[in-house]
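Residue numbers (UniProt numbering): 1 to 270.
Ideal Cβ positions, reconstructed from N, Cα and C, are used throughout, including at glycine.
Given the structure is predicted, the values throughout are model-derived calculations rather than measurements.
I have placed the structure first, in the form of structure tokens, so that the comments after it can refer back to it.
So this is what it looks like as structure tokens:
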């Protein structure tokens with residue numbers, strides 16, 4: 001990307017934020033995770049630039065800093081700006097140190113909260129994810145899936161263990177910045193415990209909210225619903241087994257994300 005390309009991207013982010021503000025939204029979140037453009041700029045593996053937007057952790061964060069500052073100049077002071085990061089993008093001690101350095105620059109630019117994702121926070125060791133099944137394994141879910149399916153791979157366990165450590169490190173380094181954690185929260189009890197124990201200030205719920213946008217009101221904060229019954233559910237979307245058999249298990253990897261994207265589109269038409 002040329003410098004003019006970068007400046008155009010900044011202008012586009014500012015325009016989107018201004019339109020959101022004018023439309024009545026309370027804020028926006030910059031998605032700097034999951035391999036999207038902002039995440040690519042943060043990454044030392046992908047960002048090989050030698051100008052002001054690369055070469056050091058802080059320089060790789062400059063695009064986000066410039067976007068935040070430019071948005072701040074265009075929207076009311078009460079307009080909220082957050083940034084989302086993924087622990088999967090920072091899987092070593094050196095990468096974590098780089099991330100913390102970048103976050104110092106981003107926080108100084110004026111973000112109101114930081115969101116992190118990358119694992120299953122509520123039950124990181126073993127988790128069931130059948131359609132509308134609770135996340136806590138039960139005898140019947142074991143009978144349905146079999147013991148082999150209940151075990152996560154060593155790679156997944158390591159990733160989710162690092163997710164928890166990543167969350168703790170960010171919380172410790174930036175106690176004054178509200179922290180949102182997203183990933184695997186499926187019960188009111190788990191959400192309340194995470195906040196009460198000081199692990200985070202905010203809980204992010206994504207896929208269950210696509211199915212039930214009113215779940216904070218009718219489930220999580222519904223005082224008439226007992227805590228043990230206050231659960232939210234997501235739906236797992238798999239490629240047809242025959243297609244997997246013929247073409248391999250990599251087929252259909254994006255089907256679930258596509259399905260949930262369609263649910264969001266449907267909500268937008270209501």
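The alpha-carbon separation between residue 85 and residue 22 amounts to approximately 26 angstroms. Ranking 255, 228, 50, 56 by CA distance to the CA of residue 237 puts 255 first. Annotation note: the stretch 5 to 74 contains the following uninterrupted beta strand (DSSP E) runs of length 3 or greater, listed N- to C-terminal: 27 to 31.
Of the candidates 62, 18, 20, 183, the residue whose Cα lies closest to the Cα of residue 38 is 62. Boundaries of the alpha helix (DSSP H) around residue 96: 93 to 109. A straight line joining the alpha-carbon of residue 8 with that of residue 29 spans about 19 angstroms.
Contact between the stretch 174 to 186 and the stretch 103 to 111 is present: 3 or more CB-CB pairs across the two stretches fall below 8 angstroms. Under the DSSP assignment, residue 84 falls outside any alpha helix (DSSP H), being part of the beta strand (DSSP E) whose first and last residues are 80 to 86.
If you look at residue 211, you'll find it in the alpha helix (DSSP H) that goes 207 to 211. Assignment of beta-bridge partners to residue 180 by DSSP yields 115, 202. Its chain contains 28 as the residues whose beta carbon lies nearer than 8 angstroms to that of residue 16, once the 5 sequence neighbours on both sides are disregarded; these appear in chain order.
The beta carbon of residue 117 is closer than 6 angstroms to those of 86, 182, 183 in its chain, skipping five residues each way along the sequence. Proximity to residue 228 across 36, 74, 220 peaks at 220, based on C-alpha coordinates.
Considering only 41, 222, 96, 81, the residue with the shortest C-alpha distance to residue 68 is 81. With at least 16 other beta carbons inside 10 angstroms of its own, residue 57 counts as buried. Rounded to the nearest whole angstrom, the CA to CA distance from residue 79 to residue 167 is 25 angstroms. When the alpha-carbon of residue 72 is set against those of 93, 60, 205, 107, the nearest one is in 107.
Listed in chain order, the non-local C-beta contacts of residue 40 below 7 angstroms within the same chain comprise 46, 47, local neighbours out to five positions each way being set aside.
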